[in-house]
Amino acid sequence: MIIDFSKIEEQAIQKFKDGEGELATRNFVDEKNKIMMSRLRPGANIGYHKHENNSEIIYCFSGEGHLEYDEGVEKFMAGDLHYCPMGHSHALFNDGENDLVYLAIVPEHH
Numbered sequence: 001m002i003i004d005f006s007k008i009e010e011q012a013i014q015k016f017k018d019g020e021g022e023l024a025t026r027n028f029v030d031e032k033n034k035i036m037m038s039r040l041r042p043g044a045n046i047g048y049h050k051h052e053n054n055s056e057i058i059y060c061f062s063g064e065g066h067l068e069y070d071e072g073v074e075k076f077m078a079g080d081l082h083y084c085p086m087g088h089s090h091a092l093f094n095d096g097e098n099d100l101v102y103l104a105i106v107p108e109h110h
């Protein structure tokens, strides 16, 4: 199955997960996965949240920022892949002057 994100309508979400600023995203969702091609605007962030029944894998295509992961902070830039296992928490911040472009995959575990 090919997922063509160019054929999925982009949504602009303000303050995603109680964060700040705007997230522009194109999402494919079924009963087992959420697959999101997203752009986090400069200065925006996705609020700190816990993955209770799923995990998340995030690959960065372009831009720069950082993640708060459990008790620590990790730099995040093009070519990096972040994994947040079930039961752990994280937040994503765009620290750069350009969009932080990434692909996120959230497999459901229940």
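Numbered according to the numbering used here, the sequence shown spans residues 1 to 110.
Backbone N, C-alpha and C define an ideal beta-carbon position, used for all residues, glycine too.
The structure displayed is predicted, hence computed values, not measured ones.
Glu9 has its alpha-carbon roughly 25 Å from the corresponding atom of His49. Taking Gln14 as the centre and dropping the five residues before and after it, the same chain places the C-beta of Glu22 closer than 7 Å to its C-beta, in chain order. Leu81 counts as exposed, since fewer than 16 other C-beta atoms from the protein chains shown sit within 10 angstroms of its C-beta.
Looking at the backbone, the Cα of Glu71 and that of His90 are separated by about 9 Å.
The count of Cβ pairs closer than 8 Å, one atom from the segment 61–68 and one from the segment 95–104, reaches three, so the stretches are in contact. When C-alpha distances from Arg26 are compared across Ile105, Lys17, Gly19 and Met36, the shortest belongs to Met36. Excluding its 5 nearest sequence neighbours in each direction, Lys75 has C-beta neighbours in its own chain below 7 Å: His66, listed in chain order.
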